[in-house]
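Working notes, structure below.
There are 6 protein chains.
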Amino acid sequence: MLRTIFLLSLLFALSNASVQDFCVANLKRAETPAGYPCIRPIHVKATDFVFSGLGTPGNTTNIINAAVTPAFAAQFPGLNGLGLSTARLDLAPKGVIPMHTHPGASEVLFVLTGSITAGFVSSANAVYVQTLKPGQVMVFPQGLLHFQINAGKSSASAVVTFNSANPGLQILDFALFANSLPTELVVGTTFLDATTVKKLKGVLGGTG
Amino acid sequence: MLRTIFLLSLLFALSNASVQDFCVANLKRAETPAGYPCIRPIHVKATDFVFSGLGTPGNTTNIINAAVTPAFAAQFPGLNGLGLSTARLDLAPKGVIPMHTHPGASEVLFVLTGSITAGFVSSANAVYVQTLKPGQVMVFPQGLLHFQINAGKSSASAVVTFNSANPGLQILDFALFANSLPTELVVGTTFLDATTVKKLKGVLGGTG
Amino acid sequence: MLRTIFLLSLLFALSNASVQDFCVANLKRAETPAGYPCIRPIHVKATDFVFSGLGTPGNTTNIINAAVTPAFAAQFPGLNGLGLSTARLDLAPKGVIPMHTHPGASEVLFVLTGSITAGFVSSANAVYVQTLKPGQVMVFPQGLLHFQINAGKSSASAVVTFNSANPGLQILDFALFANSLPTELVVGTTFLDATTVKKLKGVLGGTG
Amino acid sequence: MLRTIFLLSLLFALSNASVQDFCVANLKRAETPAGYPCIRPIHVKATDFVFSGLGTPGNTTNIINAAVTPAFAAQFPGLNGLGLSTARLDLAPKGVIPMHTHPGASEVLFVLTGSITAGFVSSANAVYVQTLKPGQVMVFPQGLLHFQINAGKSSASAVVTFNSANPGLQILDFALFANSLPTELVVGTTFLDATTVKKLKGVLGGTG
Amino acid sequence: MLRTIFLLSLLFALSNASVQDFCVANLKRAETPAGYPCIRPIHVKATDFVFSGLGTPGNTTNIINAAVTPAFAAQFPGLNGLGLSTARLDLAPKGVIPMHTHPGASEVLFVLTGSITAGFVSSANAVYVQTLKPGQVMVFPQGLLHFQINAGKSSASAVVTFNSANPGLQILDFALFANSLPTELVVGTTFLDATTVKKLKGVLGGTG
Amino acid sequence: MLRTIFLLSLLFALSNASVQDFCVANLKRAETPAGYPCIRPIHVKATDFVFSGLGTPGNTTNIINAAVTPAFAAQFPGLNGLGLSTARLDLAPKGVIPMHTHPGASEVLFVLTGSITAGFVSSANAVYVQTLKPGQVMVFPQGLLHFQINAGKSSASAVVTFNSANPGLQILDFALFANSLPTELVVGTTFLDATTVKKLKGVLGGTG
């Protein structure tokens, strides 16, 4: 009994020293450059470290026949400050995750089902493309343009992980054609012709 | 034609500026604190960014009925310097990945098949345990003791990702019982009795 | 006089550019992944950078005959954001700092008095143990299990420093036996027998 | 005299402790993830910290009427390991630095001469465009698509700085059209039509 | 039309995943060790990424015949969290930026006009001095004492960039002579004689 | 027996995954920006993690009546890559560690014996000075000018720790007066008079 008391006092003394193993995001507070402020440890529950939204395929009934379901800090507050996030890719037949970058993270992709042709282009303009089967892993270096495309006739899926809780996602077509960036500037900075730009702006809801 | 030449010269000029998007490890060279030296970009192939060793279950015919198949920089040189690595967990019925830590990385686990009870203990000594189904994700903060255990009657498997190309892996039982750490020191620093320590040293091949 | 005015105006102009040499923690505000928000520089005093709690031995009248007195950001707000913290170890005769890890930092130990046997186990399961005299220094790599034990007949003490303002401290026995982690899970993940686990839970105040 | 000797011995003693303020690159040695190995401090000269290649405009007689002159680690070995690099932009009338990213760095641009319309697109697809005059500064967050275009009738120039010694440079058109990335993959991942892709591949020297 | 709707829903779904490309500082909120909290992305405007205060020379009518105009996070909130800042140096004839350090950043200097003699001293006490012309670049490693001095007969100017949004600026003479550091301590720690110290304290407005 | 074999095979399998908990410096190889290349783990011994050079006072028979004994990576290769280093300060009566900076690290000081007046000056030119007794700790933010002076009549000593294996050490007087920096430049950048500069150059062995 006495031993227990001694030990417990030791325990509490030492525990005082132990903070911030984790920092579950308080999404209502303003972000900082290092992520969201933490909720108090006393309010943290085991379920804060679990995310259940990647268990079912995303809705691929769309123009790209594909879906990206993110589990970044905004969706999965438990990984705030831990330097990791994840997402699920679903590719229906003919599905494609269009050319895109993650400005703040490298990515590891693990194929769950189907066959996926994935690739990236380096700063030196070299092309690295591979067709992957379930269980194969591919790594995409930070910030480089890359894509994933269904290489088979059935659905394909993958889980991807990033070394940032907020990797960002910049889809090339959206960046060029789905906003108010003036057609003249798109033409001038991509060498595409105005007709092509205007057509894609039309499809993607862009203006200007 | 002239245009092409102009552009190509521009291309080569600009490409000179572009180095080290990646650093595929030269495993024959001495490591540095930041990882292995890189092989020359000209020798890098698309296959360097793909790892195929996680597609099949590891051998679980062992005392823990489980297997960890790592894809760290030493196995998957393409992720050297990119701040990420991955591994596959296989848990036969009654399988368990024993209590362990990764000294240098946080971890995200995605359940592929079966049901897994996973948990970790914080510095403040709080316990966070959850039983996960396929598609569920759990995050384990850096350096904390954690475990995974098959919660079902069939096999289970998961893919895990770390935010380091060299996360390390310290298995508690091996650290305590599978080396030459003297029994007296193990007893003195864990409060286990000598009989228990010696028995486990026997099972795990430890000495001292 | 005129010179002074010119210089002072220069001084104030330049000083505007100079912020956040330090970030004394406002412990009342929610933490962020990078530490606590700062109090305003105007409220910072010289005494904020001094900690006086390590000058006297901690209370070693307990089951481990030892004490750890931390000076982490929570106790010593002046080192918030500076990437360093410190602590004092006191070991009465037979005293031991049990097997533990710091999830977020490497550690340097400097022996003040007495003789200390210290050691750590690597990810590769190698054992590094040394007995140290006053003035000797030992370094413990981040996140690895390590311990310190009084190697002499008189009291021993040491000052330790970490390269994080919040290194964390996970004591193995407390993580396993001093909380609600179910006996079944402890047994399953450590290969200890239930009797041993229950006994240590009893001593350390654990449940389950 | 005696004082000098004492002091000099102190000096040398202390200087031994002082290494690696800088790490001038040995470009002949294999890179590491943190940069090139250093040449010995004894071989370092003041001129290693100076780069003279940005003093004159780059050659803008090309299809983009523009030039980027980099001073990255490969051109300016003195900034290896220091986390900074720089470059000069020259834009003849109608000149444009086409849509591009720097995968590993944020960028600050300072306009030297002329008028430049610069902009970037965020992950959230928002457009930030401004027309800048000499002396104005614009910052481009890491990894996002951005561009610079001559907004006047005379030549324009700028100096840009990156917070990496190897920021990388990925020019969108080159990544899509100036390599062997198959037309089918470009079409599939960008929604451009094959005719457009083939035409630009022709202009830019791409194949496939 | 339907396509557009599908795509837009995709767009918004994906955009949810995209946060914190940037973190424009809310200067009214308490700083954190990683910088200021961010204003909400919806309030961010293109002008937040532009700073116009470096376009005109600073006022050099002062004792040093020189001016430093900073664009650090406090002046240019758009670069908060981006790891970069910039400043302008103006040196009238005989102007000098006195011996100083930036405790938290390395620096790249680009000469705009005139001729500047710049130099730094390493930890190993070596001196690296060069006289620079317009367009020449010099790099100053983090934390080392350095200076810039007008080497010509006309005005000189430069733009400098730091790899921190808050590099700090410690001017040697101000640190020693323009505050309340007691003369006795200055004498004792610099080997200057008290007369010199008191004289400079007088000129620079110091006390003690 | 069979169990042991199974476990051992598991052990070796898992151990393969575990690298670079530490990186004991190979001082004969060229440094990299992240530190020295590592010696092979198989050659690492427990004594590599111990440094014995701080146990006895440094020689204070010199002009400053003080000594700094460093245990940086060059002296203590075991802490290469671990982000920490340490040193011992000895101050005879009237001893002083003159005004200096560590360009690459913050510092924690723990007083061992005697009484020490220590202080630093911030970028904002504020002075933070305290007189410390044994057991008191003071923290010095990265890169700022600071000093330690014996405040008592007997010897004093302290152990200091840095959050870098290579913190650097720039002593103000040596940087200004103990090298070839021309008197004219020292005068011009410090406002000291030439007589003072020449005198100190004479004492400290400087030229120019």
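Chains as they are written, first to last, in this note's numbering: chain A, 1 to 208; chain B, 1 to 208; chain C, 1 to 208; chain D, 1 to 208; chain E, 1 to 208; chain F, 1 to 208.
Think of the CB as a built atom: it goes at the ideal place given N, C-alpha and C, for glycine as much as any other residue.
Keep in mind it's a predicted model, so treat the numbers as computed, not measured.
Check your understanding: Cα separation between C/Thr183 and B/Ala87?
Key -> 28 Å
**Study point:** Proximal residues to D/Asn141 (C-beta, below 6 Å), its chain only, five neighbours per side dropped
**Key:** For the record, residue 141 of chain D in the displayed sequence is Pro; it is not Asn. Cβ neighbours of D/Pro141 beyond the five flanking positions: Ser106.
Point to revise | Pair within 8 Å by beta-carbon distance, A/Phe162 and A/His102 | key: yes
Point to revise | Test item: CB-CB of E/Gly143 and F/Gly168 under 8 Å | key: yes
Practice item. Examine chain A for any beta-carbon lying closer than 8 Å to the beta-carbon of C/Gly168, and answer yes or no. Key: yes
Exercise for review: Can you give me the Cβ contacts of C/Leu11 inside the same chain, cut-off strictly under 7 Å, excluding the 5 residues immediately before and after it?
Suggested key: Confidence at C/Leu11 is low in this model, with a pLDDT of 45, below 50, so its placement is unreliable and no value can be given for it.
Point to revise | Inter-stretch contact at 8 Å, needing at least 3 Cβ pairs: the region 45-58 of chain C / the region 51-69 of chain A | key: no
**Study point:** Sequence-distant residues of the same chain with beta carbon closer than 7 Å to F/Ile171, five excluded per side
**Key:** Around F/Ile171: Pro98, His100.
Exercise for review: Check E/Pro93 in the structure and name its three-state DSSP category.
Suggested key: coil
**Study point:** Check whether D/Val217 and A/Thr189 have beta carbons under 8 Å apart
**Key:** Shown here, chain D extends from 1 to 208; a query on residue 217 of chain D therefore has no answer.
**Study point:** A/Gly206 classed as buried or exposed, judged by whether at least 16 other C-beta atoms fall within 10 angstroms
**Key:** buried
Review point. E/Pro37 touches chain A at which residues, Cβ-Cβ below 9 Å?
Key: Arg29, Ala30, Glu31, Thr32, Pro33, Pro37
Review point. A/Leu204 to A/Ile64, Cα distance in whole Å?
Key: 12 Å
Point to revise | beta strand (DSSP E) segments (min. 3 residues) lying fully within the region 38-122 of chain D | key: Here the runs fully enclosed are 66-71, 85-91, 96-101, 107-113, 116-121.
Review point. Do E/Leu145 and E/Phe120 have their C-beta atoms closer together than 8 Å?
Key: yes
Review point. Using the C-alpha atoms, what's the distance from D/Ala34 back to B/Gln20?
Key: 10 Å
Review point. Which of the three DSSP states, helix, strand or coil, is assigned to E/Leu185?
Key: helix
Exercise for review: Look up C/Val127 in the DSSP assignment and say whether it is helix, strand or coil.
Suggested key: strand
Review point. Count the other CB atoms within 10 Å of the CB of E/Asp90; is the residue buried (16 or more) or exposed (fewer)?
Key: buried
Review point. Is the CB of D/Pro57 under 8 Å away from at least one CB in chain B?
Key: With 8 Å as the cut-off, D/Pro57 does not count as an interface residue toward chain B.
Check your understanding: Does DSSP put F/Phe174 in a helix, in a strand, or in coil?
Key -> helix
**Study point:** Spatially closest choice to A/Pro134 from A/Ala158, A/Pro93, A/Ser122, A/Asn80, by CA coordinates
**Key:** Answer by Cα proximity: A/Ala158.
Practice item. Run the CB neighbour count on F/Asp48, radius 10 Å, all protein chains shown included, and call it buried at 16 or more, exposed below. Key: Flag for F/Asp48 reads buried.
Check your understanding: By how many angstroms is the C-alpha of A/Ser164 removed from the C-alpha of A/Gly81?
Key -> 8 Å
Practice item. Mind listing the chain A neighbours of D/Val121? Cutoff is C-beta to C-beta under 9 Å, in chain order. Key: Gln170, Phe174, Ala175, Leu176, Asn179, Leu181
Exercise for review: Answer yes or no: does any C-beta atom of chain E fall closer than 8 Å to that of D/Phe72?
Suggested key: no
Practice item. Go ahead and label A/Lys201 buried or exposed: buried means 16 or more other beta carbons lie within 10 angstroms of its beta carbon, across all protein chains shown. Key: buried
**Study point:** Candidates A/Ala126, A/Gln136, A/Val50, of which the one nearest D/Phe177 by Cα
**Key:** A/Ala126
Practice item. Just tell me which of D/Ile39, D/Pro41, D/Cys38, D/Ala30 has its CA closest to the CA of B/Tyr36. Key: D/Ala30
Review point. Sorted by chain position, which residues of the same chain lie with C-beta nearer than 8 Å to A/Met122's C-beta, five sequence neighbours on each side aside?
Key: The residue asked about is misnamed: residue 122 of chain A is Ser in this sequence, not Met. Same-chain partners within the cutoff: Tyr128, Pro141, Leu144.
Check your understanding: Buried or exposed: where does F/Ser85 fall if 16 or more other Cβ atoms within 10 Å of its Cβ makes it buried?
Key -> buried
Practice item. Please report the Cβ distance between B/Thr69 and B/Gly78, rounded to the nearest whole angstrom; I am assuming they are in contact, meaning their Cβ atoms lie under 8 Å. Key: Actually they are not in contact, since the Cβ atoms of B/Thr69 and B/Gly78 sit about 17 Å apart, beyond 8 Å.
Exercise for review: Mind listing the chain B neighbours of D/Pro103? Cutoff is C-beta to C-beta under 7 Å, in chain order.
Suggested key: Asp21
Exercise for review: Inspect the beta-carbon positions of C/Val50 and F/Gln148 and report whether they are closer than 8 Å.
Suggested key: no
**Study point:** Residues near D/Ala92 by beta carbon distance below 6 Å, same chain, minus five either side
**Key:** Thr60, Asn65, Ser155
**Study point:** Below-8 Å beta-carbon distance, C/Gln75 vs any chain F residue
**Key:** False, the Cβ-Cβ gap to chain F never drops below 8 Å.
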